[in-house]
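Numbering-wise (the UniProt record's numbering), the sequence shown opens with residue 1 and increments by one.
Every residue, glycine too, gets a C-beta built ideally from N, C-alpha and C.
Worksheet for the structure shown next.
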Amino acid sequence: LSYSKLAVFDGKKAIRGGIPFVFPQFGPWNFGPQHGFGRVVRWTLERAPERLPSGDVEAVFSLMDNEITRSMWNYPFRITYRLILREKELHFHIGVYNPSKDMTFSFNLLLHTYLKVPDVRRCQITGLHGCTFVDKTRDGAIYQEGRDAVTINEWTDRVYQHTPQEHIITNVVSGRKMRLQKYNFPDTVVWNPWMEKARECQDFGDDEYPNMICVEAGHVSTPVILLPGTAFEASQILQVLCKGSSRAKSKKNQQQQQQQQQQQQQQPQQQTSNQTQQQNNQQQQQQQQQQHSNRHSNRHSSKPNSRLNSRPNSSSSSNFSNSSSSWRRTRPHCGRCRRRPPLPRPAGTPTTPTSRRRACWRSRCHRPVVGCAVHRPTVSCAR
C-alpha cells in the first residue's frame, strides 16, 4: 500500500494513502465532506487483532450512527468491517445493516485502495476490456474500453461499470503482481492525479504520482437501496503474486501433484499385479515340469520288459481269480490296445470258446492277453 509523505493523521481529514472507507457518498457531497464521513469519523474496535489457529490475524471494526453522522445523514445504520491478514493476502468483509423498522436509505460504498508501484507508466491493469466507463477528466463522458490492459500516461479518473470480479495489476512493488478480487462490487475506479492535480493536493507531494495508483472496488455508479431490517454485504481480497506466477502455472503445479499422487497410488497396485503374475508363471512352470516328468515315467513304464516283468506267474492265477481288489491294482495292459482286462470271472465259470473270445476286449487284437482274468497269461486270443 502507498502513503503520501504529506499525509495528515489528525483525525479531521482523510488520510492520503492506505485504504480509505468511502461511505455513504462517492464524490462531492452537499451535506458533508467529499466521499462521505466513513473515512473521517472514528470507528469502534470490536475485536482487537488476534492470531487465529490457522496463523492468520483477524480484527473487527464497527461504525454506528451517532450525533455526528445524523447531522449529515439522518438514518440509523450499523457497519461491520472485518479484516483478515494472511501471508500474502488481505481480506475485507463489509456488512451494512438497516436496523430501522420503517426507513429505507440508499448509499454508495467504495474501498479507495492506494497501491505502491515503482513506475505507474509501466503498470498495467487487466480485466477491463469491453467495459464502459465514465471519464471524469472529460466532464463525465461515457466511453468503452478497447484495450486488453489499461495503462496510465496522464491524469486518470475513471469509473468502470459492470466489471469482472478479478483484476491483475502488474509491476507493483519489486516487479510483482497484485490480484484484486471483489464480491458484490460491480464497479472499479482507476485514479492517478498526475502532475497537474498532484500540485492541487496539499497532502500529496508533487513528485509522488509516478509511484502510486488507485484501483478501487465499489458500488458507486448506482446506489445501494437498503430496506428496513435488511443488510448488504461485500468483500475484497488483495493478493500479492510472486514474480512470474500466474494462474496457469498454479494449475500446472496442481496437475503435476495430482499425477504424482496417481502414480504413487498405482505403484502398489502394479507391484501386487506383478507379484501375482510371477506366482502364476511359477505355478505354470511347476505344472509343466510335473506333466513332463509324468510323461517321462509313463513312457518308461510302458516298455515291453517292464510289461513282461509285471505279468503274473501261473502259480498266482488263483490269486487273481480270488482277489479282485489286488487285480485292480496289478492287472497289466493288453499287448495291443494298451487297455486293462476286465475284472476276474467268478470261480467255476466254464471256459467256452465264446468266453475265450470275450477275453479279448478289442476284436482287432491278435496278441496274447497278458494277465487275463479267465485264462492264464500264456493263453492267446480266440481269434
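Burial state of residue 10, where buried means 16 or more other Cβ atoms lie within 10 Å: In the assembly as shown, residue 10 is an exposed residue. Its beta-carbon has fewer than 16 other beta-carbons within 10 Å.
Between the CA atoms of residue 158 and residue 384 - distance to the nearest angstrom: Residue 384 lies beyond the stretch modelled for the chain, which goes from 1 to 383, so this question has no answer here.
Range of the contiguous beta strand (DSSP E) that encloses residue 166: 166 to 169 is the extent of the beta strand (DSSP E) around residue 166.
Pick from 51, 189 and 33 that is closest to residue 69, judged by C-alpha positions: Answer by Cα proximity: 33.
At least 3 beta-carbon pairs within less than 8 Å: the stretch 224 to 239 vs the stretch 34 to 44: Touching, no.
Terminal residues of the beta strand (DSSP E) in which residue 191 lies: Element bounds for residue 191: 187 to 192.
Stretch pair the stretch 188 to 207 + the stretch 71 to 85: three plus CB contacts closer than 8 Å: Result no; under three Cβ-Cβ pairs closer than 8 Å.
Three-way DSSP call (helix, strand, coil) for residue 103 in this model: Coil at residue 103, not helix or strand.
Three or more C-beta pairs below 8 Å linking the stretch 97 to 114 and the stretch 128 to 143: They do not touch, by the three-pair rule.
Cβ neighbours of residue 102 in the same chain (closer than 7 Å, five flanking residues each side left out): Cβ neighbours of residue 102 beyond the five flanking positions: 228.
Neighbourhood of residue 50 by C-beta distance below 8 Å, restricted to the same chain and skipping five residues each side: Counting only Cβ-Cβ distances below 8 Å, and skipping sequence neighbours, we find 57, 58 and 59.
Whole-angstrom distance between residue 265 and residue 259, CA atom to CA atom: Going from the Cα of residue 259 to the Cα of residue 265 covers about 10 Å.
Residue 137 - containing alpha helix (DSSP H), residue span: Residue 137: not part of any alpha helix (DSSP H); DSSP gives it neither H nor E.
Distance between residue 66 and residue 116 (C-alpha atoms, nearest Å): A straight line joining the alpha-carbon of residue 116 with that of residue 66 spans about 35 Å.
Whole-angstrom C-beta distance between residue 148 and residue 170, which should lie under 8 Å: Contact doesn't hold; Cβ gap of about 12 Å is too wide.
Contact set for residue 99: own chain, Cβ-Cβ below 7 Å, skip 5 residues either direction: Cβ neighbours of residue 99 beyond the five flanking positions: 76 and 78.
C-alpha distance - residue 163 paired with residue 135, whole-angstrom precision: Computed Cα separation, rounded: 15 Å.
Residues of its chain near residue 316, where Cβ-Cβ distance is below 7 Å and the 5 sequence neighbours each way are ignored: Confidence is the limiting factor: at residue 316 the pLDDT is only 47, short of 50, which leaves the residue's position unreliable and the question unanswerable from this model.
Exposure label - residue 31; buried when at least 16 CB within 10 Å: So residue 31 ends up on the exposed side.
Cβ-based burial, residue 8 [other Cβ within 10 Å; buried from 16]: Exposed.
Neighbour-count burial assignment, residue 293, 16 or more Cβ in a 10 Å radius: It counts as exposed.
Start and end residues, beta strand (DSSP E) containing residue 44: From DSSP, the beta strand (DSSP E) with residue 44 extends over 44 to 51.
8 Å CB neighbourhood of residue 237 in its chain, flanking five on each side removed: For residue 237, where only same-chain residues beyond five positions count, the Cβ hits under 8 Å are 89, 90, 91, 92, 179, 180, 181 and 182.
Check: residue 291 C-beta below 8 Å from any heavy atom of the ligand SAH: Absence of the ligand SAH is noted for the structure shown, with no ligands found whatsoever.
Cβ-Cβ separation, residue 196 to residue 95 (assumed contact under 8 Å), whole Å: With a Cβ gap of about 39 Å, residue 95 and residue 196 do not count as contacting.
Three-state secondary structure (DSSP) of residue 172: In this structure, DSSP gives residue 172 a state outside helix and strand, which the three-state scheme calls coil.
Distance, residue 186 Cα to residue 63 Cα: For the pair residue 63 and residue 186, the Cα-to-Cα distance works out to about 23 Å.
C-alpha gap between residue 5 and residue 193, whole angstroms: Going from the Cα of residue 5 to the Cα of residue 193 covers about 16 Å.
Under 9 Å between C-beta atoms of residue 61 and residue 43: Closer than 9 Å, so yes.
Distance, residue 1 Cα to residue 241 Cα: The C-alpha of residue 1 is placed about 14 Å away from the C-alpha of residue 241.
Element boundaries [beta strand (DSSP E), containing residue 152]: Taken as a continuous stretch (DSSP letters only), residue 152 belongs to no beta strand (DSSP E), as it is neither H nor E.
N-terminal and C-terminal residue of the beta strand (DSSP E) that residue 19 is part of: Looking at the DSSP string, residue 19 is not in any beta strand (DSSP E), and its letter there is neither H nor E.
9 Å Cβ cutoff met for residue 150 and residue 189: In this structure, residue 189 does not lie closer than 9 Å to residue 150 by Cβ.
Contact set for residue 123: own chain, Cβ-Cβ below 8 Å, skip 5 residues either direction: Taking C-beta separations shorter than 8 Å and ignoring five residues to either side along the sequence, the partners of residue 123 in its chain run 117, 151, 152, 169, 170, 171, 172 and 213, following chain order.
Helix, strand or coil at residue 62 according to DSSP, with G and I counted as helix: Reduced to three states, the DSSP call for residue 62 is strand.
Residues of its chain near residue 165, where Cβ-Cβ distance is below 7 Å and the 5 sequence neighbours each way are ignored: Within the same chain, residue 165 has close Cβ partners 181, 182 and 183.
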